[in-house]
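Asks: Taken in sequence, the protein lines are chains A and B. Under my numbering, the letters of the first sequence match residues 1 to 118, in that order. Under my numbering, the letters of the second sequence match residues 1 to 118, in that order. We treat Cβ as the ideally placed atom computed from N, Cα and C, and that holds for glycine. Keep in mind it's a predicted model, so treat the numbers as computed, not measured.
Number of protein chains: 2
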Amino acid sequence: MTLFDRPVRGSRSGRPIMVLLDLLGRRWTMRVLWELRGEALSFRALQAACSGMSPSVLNRRLGELRDAGLVEASAAGYTLTPGGRELLVLFEPLNRWAEHWAQERRAEGRRTKSHGSG
Amino acid sequence: MTLFDRPVRGSRSGRPIMVLLDLLGRRWTMRVLWELRGEALSFRALQAACSGMSPSVLNRRLGELRDAGLVEASAAGYTLTPGGRELLVLFEPLNRWAEHWAQERRAEGRRTKSHGSG
DNA sequence: CTCCAGTGCTACGATATTCGAAGCATAGCG
DNA sequence: CGCTATGCTTCGAATATCGTAGCACTGGAG
Numbered sequence: 001m002t003l004f005d006r007p008v009r010g011s012r013s014g015r016p017i018m019v020l021l022d023l024l025g026r027r028w029t030m031r032v033l034w035e036l037r038g039e040a041l042s043f044r045a046l047q048a049a050c051s052g053m054s055p056s057v058l059n060r061r062l063g064e065l066r067d068a069g070l071v072e073a074s075a076a077g078y079t080l081t082p083g084g085r086e087l088l089v090l091f092e093p094l095n096r097w098a099e100h101w102a103q104e105r106r107a108e109g110r111r112t113k114s115h116g117s118g
Numbered sequence: 001m002t003l004f005d006r007p008v009r010g011s012r013s014g015r016p017i018m019v020l021l022d023l024l025g026r027r028w029t030m031r032v033l034w035e036l037r038g039e040a041l042s043f044r045a046l047q048a049a050c051s052g053m054s055p056s057v058l059n060r061r062l063g064e065l066r067d068a069g070l071v072e073a074s075a076a077g078y079t080l081t082p083g084g085r086e087l088l089v090l091f092e093p094l095n096r097w098a099e100h101w102a103q104e105r106r107a108e109g110r111r112t113k114s115h116g117s118g
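1) To the nearest angstrom, how far is the alpha carbon of B/L94 from that of A/F43?
2) Hey, would you say A/L70 sits closer than 9 Å to A/R37, going by beta carbons?
3) Starting from B/T79, trace the beta strand (DSSP E) both ways and give me its first and last residue.
4) For B/L46 and A/D22, I'd like the C-alpha separation in whole angstroms.
5) Determine, for B/P93, whether the minimum Cβ-Cβ distance to residues of chain A falls below 9 Å.
6) Is it the case that the Cβ atoms of A/A102 and B/P16 are separated by a distance below 9 Å?
7) Cutting at 8 Å between CB atoms, please list the residues of its own chain near B/A40, excluding the five before and the five after it.
8) Checking the sheet assignment: what are the DSSP bridge partners for A/E108?
9) Since I believe B/C50 is in contact with B/E35 (beta carbons under 8 Å), could you give me their beta-carbon distance rounded to a whole number of angstroms?
10) Out of B/S54, B/T81 and B/S56, which one is the CA nearest neighbour of B/D67?
11) For A/E72 and A/E86, what's the separation of their Cα atoms in angstroms?
12) Return the residues of the stretch 20-48 of chain A that lie within a Cβ-Cβ distance of less than 8 Å from chain B, sorted by chain order.
13) Please report how far the alpha carbon of B/V19 lies from the alpha carbon of A/V19, in whole angstroms.
14) Applying the 10 Å Cβ sphere with the 16-neighbour rule, what's the burial state of A/G109?
15) Would you please state the rounded distance, in angstroms, between the beta carbons of B/V57 and B/W28? I believe it to be under 8 Å.
16) Kindly list, in the order they appear in chain B, the residues whose Cβ is closer than 7 Å to that of A/P16.
17) On the DSSP bridge assignment, give the partners of B/A73 in chain order.
Below is the structure:
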């Protein structure tokens, strides 16, 4: 049973980017990937790294990620597969962008105290 | 060298990447960004593009995205800000990767029928 | 064998988030 | 006025996630 057999939440098209966006759009998914960027982590270490997320959800995410071929379990603990590592590399510019974005947003907020959003 | 070896492990430190990951990790957020990659879309058009997502959630996401400075409302409808467009550019390699990933996964799935948590 | 500590993982009630349908207020048209 | 379309809100119900406790297993010590 792969990811592709079940109906993709929010999209019936089955387009890979939709499947990926759907998978990554679940709570904690990207965070788990992110925390696995270094060394392998045990279930409980991973749980601690993610600010004590629920074991039930962690287990579910781990299953989804393993199903997706992004994460695998080794003797040392959970770790990224080569594919998972490739994906994480793609996150690197995201990180750089986030830093820039945060600075701009801080500057914006200083200039315009209140944005009418309603 | 990456920006990956920074000490993120300690819970929510307010690091921009964490904020971004948290924002993007909400249901539909990335999908909305993705659907806005082309022309501007009206509220209802956006709702239809996202397979009929709830207007309540769409409105909430739109608010978060506008708050984050990624999306704005114009006369033609909702559209990406320059910043939002920058972020979306980073998604393109993600798209390319997803296609490759799907092919590999399908091939894998054909060989190993089932293996996962039962 | 028992006790202690660690592992991956599950059960289950409580809470947060999202769904789905209906409705409100506004605007353009005839 | 009625018709259509817009952005958006409301609210009960479904679903996802949380938080705590606990199970089955392993390894070391006695």
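Replies: Looking at the coordinates:
1) Between B/L94 and A/F43, the C-alpha separation is close to 27 Å.
2) no
3) G77 to L80
4) 17 Å
5) yes
6) In this structure, B/P16 lies closer than 9 Å to A/A102 by Cβ.
7) Cβ within range, chain order: S74, A76, G77, Y78 and T79.
8) The partner list for A/E108 (beta bridge, DSSP) is empty, contrary to what the question assumes.
9) Contact holds; Cβ gap of about 6 Å.
10) The shortest C-alpha separation from B/D67 is found at B/T81.
11) 14 Å
12) L20, L21, D22, L24, G25, R26, R27, W28, T29, M30, R31, W34, E35, R37 and G38
13) 23 Å
14) exposed
15) 6 Å
16) Simply A98, E99, W101 and A102.
17) B/Y78
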